[in-house]
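First comes the structure, then the notes that go with it.
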Amino acid sequence: MLRVASVLISVALALEPVVVVGLRFREGSAASHQVLWKQHSVRSHSDLKPSDRTLFVINVPPYCSQEAFTHLFSLYGKVRQVFFHKRPSAAAPPTPKHPHFSCVAPVTGFKVAYVVFTHQSAIKKAMAVNPGTVLTLSSEERPVLTGLKKWQQEYNGSFVAVESLAEEVKAVMQDYDLKKEREKAQGQQEPDSEGWVTVASE
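The following block contains the structure:
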């Protein structure tokens, strides 16, 4: 992991101005992890991740959550939104239409983040951080759950109200029926192997 991080640092520094800081899990932790960030830059403008208000962060540890990152980067300015991706992407992360019947895999392991601020001044502050700075992710006031405590929280949050689940099931079935109707209509408009098109009478 250290070798990979070193390569990332070398490549990043060779391309654009990059800030390298230490990130420790909690106060008093002996070990820290290197995190790198720079101002987000893309060829085309994005309202979701505007270049002048977005930090691109790499080498983000698995235990970092959106809530924890929002609090961490609020040191530099008000955070509007945090996006996590498995790899760099100009688009928004896929959002499931039906959360309890989602095929969208969660972002796990090491990842990249896009931290979008409310004001441009936050980018200048973040890019002016002194070398050797070590940030702390988890505190007594804002603990980041890991291990058994995190599993317990996820388990307790997995229970869904019957009424809410019933409404979602209904919506899923409606989407399925509409999809089948579109497929049927499309199939009737396409010619068969002999060139005939089936016309259904009402």
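FYI, the numbering for the sequence shown is -22 to -1, 1 to 180, going by mature numbering (1 follows the signal peptide of the UniProt record, and there is no 0). Note that the Cβ used here is the ideal one computed from N, Cα and C, for glycine as well. Being a predicted model, the structure only gives us computed values, none of them experimental.
Starting from residue 1, follow its DSSP beta bridges and name the residues at the other end.
11, 113
With a cut-off of 8 Å, do at least 3 Cβ pairs link the segment 25 to 40 to the segment 136 to 155?
no
Inter-residue spacing [alpha-carbon to alpha-carbon] between residue 121 and residue 49
11 Å
Inter-residue spacing [alpha-carbon to alpha-carbon] between residue 103 and residue 88:
25 Å
Could you say which of -1, 42, 4 lies nearest to residue 118 if we only look at CA atoms?
4
Across which residues does DSSP place residue 60 in a beta bridge pair?
93
Helix, strand or coil, according to DSSP, for residue 26 in the structure here?
coil
Using 9 Å as the threshold, is the C-beta distance between residue 90 and residue 35 below it?
yes
Buried or exposed: where does residue 18 fall if 16 or more other Cβ atoms within 10 Å of its Cβ makes it buried?
buried
In whole angstroms, what separates the C-alpha of residue 8 from that of residue 116?
14 Å
Distance check for residue 94 and residue -4, CA to CA, integer angstroms please.
16 Å
Please name the residue, chosen from 24, 99, 38, that lies closest to residue 70 on a Cα-to-Cα basis.
24
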